[in-house]
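Data first, discussion second: the structure below is written as structure tokens.
Chains as they are written, first to last, in the working numbering: chain A, 1 to 326; chain B, 1001 to 1322.
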């Protein structure tokens, strides 16, 4: 199968959905001629024109509100918020309007829209351009939250998100944009709410999101040499959550490590740990472990940054601790 | 050409008067029910501001859109929202417009082009921009009107939205009901400009200030802005100077510490109902006929609401997702 970049998989998904459905259009900062800050809309302006690939002023609140307004009229807008950190500027629209109008209005409002954004550390972008804030959105009923870890998942999930009738926060990772992966030439979608076992194993389940999936798979390779067999599960969508796949895996392995880049405190992993403690209590042979970002803003200097963000070695250490019961 | 208020027929003006009266009596009823503890939560009545609701909505077609605020009963009624379902909503009944999940601050009636009351001050304006954008993309001739207050004109969302609508020439009318107070904070102290309409200049859009107690003045200014928007010439800002005769909400007496009884009485002399009655040289018989018709509507609405079952507990969990 051909291999393409994660960011090109995003472009393909947008291109195919715009061709398929005229009500799909894009808006965001620098997405037109410039092709997006992370080059995720390159070529679409030339193909679809300034009406459907619409540059916006730097007005995040306005962007999200306008996205919702267009959705209320029956369109399927896809907005790009350049950094997830900037959602802070638009949080009222996301939390108080986008997530709630259908519910508040007795189910009669249409809110089919996608808010694409990207987060994560690894480029010395520092505290205001490198956060992992997905838990904020998972906490809000009315939103769906997607976090693809591969080019294949990014394309298939984005196409589903565009077709979905609910508002979707689609959270990409800035370091994954330049990673290549196999992506079929033919049309496909991946349903929201379906996890994938990225690697099968016997001894421990690693539940990993976004950039931590690749790091966990690399960790599993090394641990295999030590005779530790890791199963890596990627939920792919944080809400709706495929609890069954995670539970089945943990019931099989009896151990679980949860890893994400976001800080540990009240992170999404806490929800998974609580779910396992309730639903898989009798199957657990060891306490649940979490390998997450340190509880600090993301620092600038590369060495400091990599210190606070979990890497492959942190996952390996975490797995060893669970297995050895330390 | 904009329609001129002078061209409004007597019949039409009577209809507009009746709608204002409908709003007045409905809100008086909601206030009573609220004080009696039958309506829960919060109720913000727009009594005194009816000319704004009616003047604006009388220029619109059913498939034009409005967005309103926490003080939105008047806009809802003027846009054609039915009283029985609205009263049922306020009383938490299953037959309510929003299935008892919205309440007074979140009334919506999409079938009438009413895209909702939004109770975060200023939050409805970016949505209006998006609705205008959809109309433009789909080459439709509809317009969106967004109602907001003097307080909301100090929110960033106002400025972001005005700019977006101006650069894209979107068919959106920004209608500011300057009722002089953002809760308790007087506009002359909260706002750097005397006339909020001048803020349109910053976005190269027309801005006018009108007498918000005169339904014909509001109608005239809005008709012009609507015509401009339908032609593709972009947004307008209209500021209506008006006044709420009641307090902001519960806990705010009619003459709160921030305003005097004399001030309220001064504005009450220009009650939009009285202004319209004078304009129409309304006879006693005509007035009584309006009152009688509205009383019947109100009784019917009340009966419908009271006879409807309370919303079921299960319904609280519906429509979170599509």
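Each residue gets a CB set at the ideal place from its N, CA and C atoms; glycine is no exception. None of the values given here were measured: they were computed from a predicted structure.
Cross-chain neighbours of residue 104 (chain A) in chain B, by beta carbon under 7 Å: 1098, 1101, 1102, 1106
For residue 1311 (chain B), three-class secondary structure by DSSP: coil
Using a Cβ-Cβ cut-off of 7 Å (strictly less than) and excluding sequence neighbours within five positions of residue 212 (chain A), which residues of its own chain qualify? 259, 260, 261, 310
Could you tell me which chain E residues have their CB closer than 7 Å to the CB of residue 25 (chain A), listed as they occur along the chain? No chain E appears in the structure shown, which is made up of the protein chains A and B.
Would you report the Cα separation of residue 1132 (chain B) and residue 23 (chain A), rounded to the nearest angstrom? 14 Å
Contact with chain B by residue 108 (chain A), beta-carbon distance below 8 Å: yes
Report buried or exposed for residue 1026 (chain B), applying the criterion of at least 16 other Cβ atoms within 10 angstroms of its Cβ. buried
Below 8 Å between beta carbons: does that hold for residue 1157 (chain B) and residue 1182 (chain B)? no
Proximity test, Cβ basis, 8 Å: residue 1073 (chain B) and chain A: no
Kindly confirm or deny that the segment 131-148 of chain A and the segment 215-228 of chain A touch, where touching means at least three C-beta pairs closer than 8 Å. no
Hey, is the segment 1-15 of chain A in contact with the segment 154-172 of chain A, meaning 3+ C-beta pairs nearer than 8 Å? yes
When you check each C-beta in the segment 1141-1160 of chain B against every C-beta of chain A, which residues fall closer than 7 Å? 1156, 1157, 1160
Would you say residue 1211 (chain B) lies against chain A (beta-carbon separation less than 8 Å)? no
Let's test the definition: count the other Cβ atoms within 10 Å of the Cβ of residue 51 (chain A) and tell me whether it reaches 16, buried, or not, exposed. exposed
As assigned by DSSP and simplified to three states, the class of residue 195 (chain A): coil
If you check the beta carbons only, do residue 298 (chain A) and residue 308 (chain A) fall under 8 Å apart? yes
Would DSSP call residue 1236 (chain B) helix, strand or coil? strand
What are the boundary residues of the alpha helix (DSSP H) that residue 1056 (chain B) is part of? 1050-1057
Closer than 9 Å at the beta carbon, the chain B residues around residue 51 (chain A): 1136, 1137
List the residues of chain A that residue 1115 (chain B) touches, going by C-beta distances under 7 Å, in chain order. 72
Taking the alpha-carbon positions, what's the residue 1274 (chain B) to residue 1051 (chain B) distance? 11 Å
Within a Cβ cutoff of 7 Å, which residues of the same chain sit near residue 1004 (chain B), ignoring the five residues on either side of it in sequence? Any reading at residue 1004 (chain B) needs caution, since the residue's pLDDT is 48, under 50, leaving its predicted position unreliable; the model's value is listed next. Result list for residue 1004 (chain B): 1220, in chain order.
Which residue's Cα is closest to the Cα of residue 1232 (chain B): B:1165, B:1054, B:1149? B:1165
Residue-level contact to chain A via CB, residue 1163 (chain B), 8 Å cutoff: yes
Check the C-beta distance from residue 1236 (chain B) over to residue 1094 (chain B) and give it rounded, since I have them as a contact under 8 Å. Not really, about 40 Å apart at Cβ, beyond 8 Å.
Do you know how far the Cα of residue 118 (chain A) is from the Cα of residue 76 (chain A)? 20 Å
Contacts of residue 92 (chain A) in chain B (Cβ-Cβ under 7 Å): 1120, 1123
Span of the alpha helix (DSSP H) around residue 1129 (chain B): 1124-1137
Smallest Cα separation from residue 208 (chain A): which of A:256, A:69, A:16, A:227? A:256
In three-state terms, what does DSSP make of residue 1150 (chain B)? coil
Please work out which residues of its chain come closer than 6 Å, Cβ to Cβ, to residue 214 (chain A), disregarding the five sequence neighbours upstream and downstream, and give them in chain order. none
Chain A contact for residue 1320 (chain B) (CB, 8 Å cutoff): yes
If you measure beta-carbon to beta-carbon, which residues of the segment 134-155 of chain A are closer than 7 Å to chain B? 141, 142
Which class does residue 5 (chain A) belong to by DSSP, given the choice of helix, strand or coil? strand
With 9 Å as the C-beta to C-beta threshold (strictly closer), list the residues of the segment 1276-1289 of chain B near chain A in chain order. none
Cβ neighbours of residue 1021 (chain B) in the same chain (closer than 6 Å, five flanking residues each side left out): 1290, 1294
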